[in-house]
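Residue numbers (my numbering): 2 to 216.
These notes are about the structure you will find just below.
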Ligand SMILES: C[S@@+](CC[C@H](N)C(=O)[O-])C[C@H]1O[C@@H](n2cnc3c(N)ncnc32)[C@H](O)[C@@H]1O
C-alpha cells in the first residue's frame, strides 16, 4: 500500500485492560474496511458522520445514543480506546457505530465518492515541538483527502487546545478552495472531551473551526 504520510500518533497498543482485550475480540464484527462498505451500510441511515481519533469514545458514544438515524464511523488507532468503545457498544446495544481501526488516511485514500455528511476531529494530536509539526494530521494533503470523501455542503468541525496548531488550521482552511466557514453545525457538541477538558484544566483555550465543503 502507498503511504505518503508520517505517523500522526505515538503508539497503537498502549496498556490494555482485560475487559478491553475481551471486547477487542468483537472488533471484526464492528469494523469496516473501505468506503464502499460504508456507503452500503449508510444507505440504511439518514446521515453518515465520521469521527477521527475518538480517544476514549465518550463523545462518539453520546452522539450515537442520541441520534439513531445517523451512522457513525469512528476511527482510532489506539487499541485501548477501541476496546472501550466496543464495551460501550455492547453495554448499550448501539447499532449505529462502525469502527475503522487504523490510520484514517488509509481509508480516505480509497476511491469511494462523497459519503460523509459530517466529519469531526476533536483535539487532534498537537505535536507541539516545531520539528514534529510535519506529523500533524491536519495539512493540505489531508484536507484534500477529506474533501473527496465528503458530501457537498458537508460539515467539518475541528477543535484544538493548542494555539499554534489552531493558527495553522485556520490558515490551511482559509486558504483552502475546498472548505468555507459555516455557522451551521451538524450536531452540536454538548460536553468537552477528555483532551479538551485536560487543555482547559491546564489553562489553555479551546479553538473551534466549523466549515463546510464547496465543490
Ligand atoms: C489527543 S487525542 C484526542 C482524543 C479525543 N478526540 C479527545 O478529544 O479526547 C488524539 C487521538 O487521535 C488518534 N489519532 C491520531 N492520528 C490518527 C490517525 N491518523 N487516524 C486515526 N486516529 C488518529 C490518536 O490515537 C488519539 O487517540
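Positions of the beta carbon are idealized from the N, C-alpha and C atoms, including for glycine.
Looking from the CA of residue 184, the closest CA among 38, 156, 76, 168 belongs to 156. Counting along the chain, residue 58 sits inside no alpha helix (DSSP H), nor does DSSP assign it H or E at all.
When rounded, the separation of the alpha-carbon atoms in residue 46 and residue 86 is 21 Å. Cα atoms of residue 17 and residue 81: separation of roughly 5 Å, rounded to the nearest angstrom. In terms of Cβ geometry, residue 51 and residue 143 do not form a close pair [threshold 9 Å].
If you draw a straight line from the Cα of residue 95 to the Cα of residue 133, it comes to about 37 Å. Under the three-state reduction of DSSP, residue 74 is assigned to strand. Here residue 215 carries a coil assignment [DSSP, helix/strand/coil]. Placement of the Cβ of residue 79 at a distance of less than 8 Å from at least one heavy atom of ligand 1 is found.
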